[in-house]
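Under our numbering, the residues of the sequence shown are numbered 33 to 457, in order. Where is the CB? At the ideal position from N, CA and C, for every residue including glycine. Everything below concerns the one structure shown next.
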Amino acid sequence: MVIHVVRPGDSLYRIAQLHGIPLPFLIQQNELHEPYRLTPGQTIVVPQPEKTYIVRRGDTLGSIAAQNGTTVMQLWQNNPQLGGTDRIQPGQMLVLSYGNKLGRFAVNGYAYPSIDLRVLRRTLPYLTYLSVFSVGFDNAGRILPFSAELLVRMARQYQVKPLLVLTTLGEDGQFSGERAHRLLNTPTARAALIENLAQVLAMQGFAGVDIDFEYVPPEDADAYAAFVRSVRERLSPAGYTVFAALAPKTSAAQQGLLYEAHDYAALGSAADRALLMTYEWGYTLSAPMAVAPINKVEQVVRFAVSQVPPNKLFMGIPNYGYDWALPYVQGQSRARSLGNVQAVEQAIQVGAPIHYDDTAQSPHYNYWRDRAEHEVWFEDARSVRAKLALAGEYQLAGVSIWNIMRYFPQLWLVLNSLYDIEKLG
């Protein structure tokens, strides 16, 4: 796989010629759309398949897989233009394999129940786990009404294990430290929640739970780890997997309500797997900067592997960017979230060249609209490759994508070109 960075005067035709691949194949793999305009600094992923196959009349994905010693799942992964469906036509070129890869990752993706099912279907081939966000609970430990049966069913069809995300989100949509404190210090509610959780997982077909309690009071750190351990002790005999989501810490002594109750060593021991929320350095209320600067992410990973076995850890990767209006005013400015594809389309529309910050390993650009300057940070093929390389360098179990609501072709193309994706059932 080659990541081509667009230069002034480049065209898709020239890029395809330069790398010796068919133009339609380049367009298909990157899922580009007419009129195929480019901007300097944009990334185009140039796949370099080991083996390809031309579809013949009467072929099915199943027959092609059987004839060529592969699987339908691998055909879906290698051919994003299929969108996770069985639709093929004579003359179509399919990628059978990409040759030797750098390693193997488990991949978790977060989704809300409202996800576009077409986006979900085309994403599921690349996932090991689908974390459905989220379900809450009341003061008595009762699970609040929630249903994700269609997502669970679709996940199973693509050999993906569905996880239910348990949070302390309040009615205002914000994480509630008070709700966490009340639960963790009320034994009857805690016991009831664990039993109710086991029932919901069984009734709705989930394979496990991802516990995501944020802004837990520092004095409840031990109680929180004990709760996660109790959940695991109850669920493990039934074959369920328990994940814990961890705020991005760089030391055990890190201060702040988001961090202090997240004892990496204790939670890493209590859960089967731990998810590092390595994103949101750049966020809605912050000054303009990368969402997940690689230098900051590495500080978190380095600390995490000193507290938790690497084969338990998933490193978070953001699937979005932010657009800030300038000048930034602390306490007043609010950035607009946008998808990575949308960020590039906007750069093309306004004629902005894309730059790349080598320290943050992240793309960005500036543009003007309505007499106001804007600054945009997002993810591209280069930043994705850098993050995957970091996870590989530290021998982590995998990566976790927040979130998969917007389809980002280059994320999955880079991931699948470089790494095998673990499938569990």
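Check	Outcome
Burial state of TRP400 (16 or more Cβ within 10 Å)	exposed
Validate contact between the stretch 346 to 360 and the stretch 408 to 419 using beta carbons, cut 8 Å, 3 pairs	yes
Buried versus exposed call for LEU195 [16 or more other C-beta atoms within 10 Å across all chains shown]	buried
Cβ pair LEU482, TYR158 closer than 8 Å	Absent from the structure is residue 482, since the part of the chain shown begins at 33 and ends at 457.
Buried/exposed call for ILE433, threshold 16 Cβ in 10 Å	buried
Secondary structure, beta strand (DSSP E): runs of 3+ residues fully inside the stretch 52 to 78	75 to 78
Close beta carbons around ALA319, own chain, < 7 Å, minus the five adjacent residues each side	TYR360
Every unbroken alpha helix (DSSP H) within the stretch 235 to 312, with a cutoff of 4 residues, ordered by chain	253 to 267 and 296 to 302
Cross-strand partners of ARG136 (DSSP beta bridge)	ASP452
Spatial distance of PRO56 from TYR45 (CA atoms)	9 Å
Cβ shell of SER449 (< 7 Å), same chain only, five flanking positions each side left out	MET33, PRO79 and TYR130
Distance between ALA379 and TYR296 (C-alpha atoms, nearest Å)	40 Å
Residue range of the unbroken beta strand (DSSP E) whose run includes LYS83	83 to 86
Residue interval of the beta strand (DSSP E) (run including MET125)	125 to 129
Which listed residue (GLY383, TYR311 and SER338) has its alpha carbon closest to that of TYR354	TYR311
Distance between beta carbons of GLY101 and ARG154, contact taken as under 8 Å	That belief does not hold up - the Cβ atoms of ARG154 and GLY101 are roughly 24 Å apart, past 8 Å.
Supposed contact pair GLN113 and GLN60 - C-beta distance, whole angstroms, cut 8 Å	4 Å
Classification of MET235 by the beta-carbon crowding that lies within 10 angstroms, buried from 16 upward	exposed
SER179 burial status per 10 Å Cβ neighbour count (16 or more: buried)	exposed
For PHE346: DSSP bridge partner residues	LEU307 and GLY430
Euclidean distance between Cα positions of VAL164 and GLN49	42 Å
Rounded separation between ASP244 and THR220 - CA only	21 Å
Segment contact flag, the stretch 298 to 312 with the stretch 282 to 289, C-beta cutoff 8 Å, min 3 pairs	no
ARG150, buried or exposed, once every other Cβ within 10 Å from all chains shown has been counted against 16	exposed
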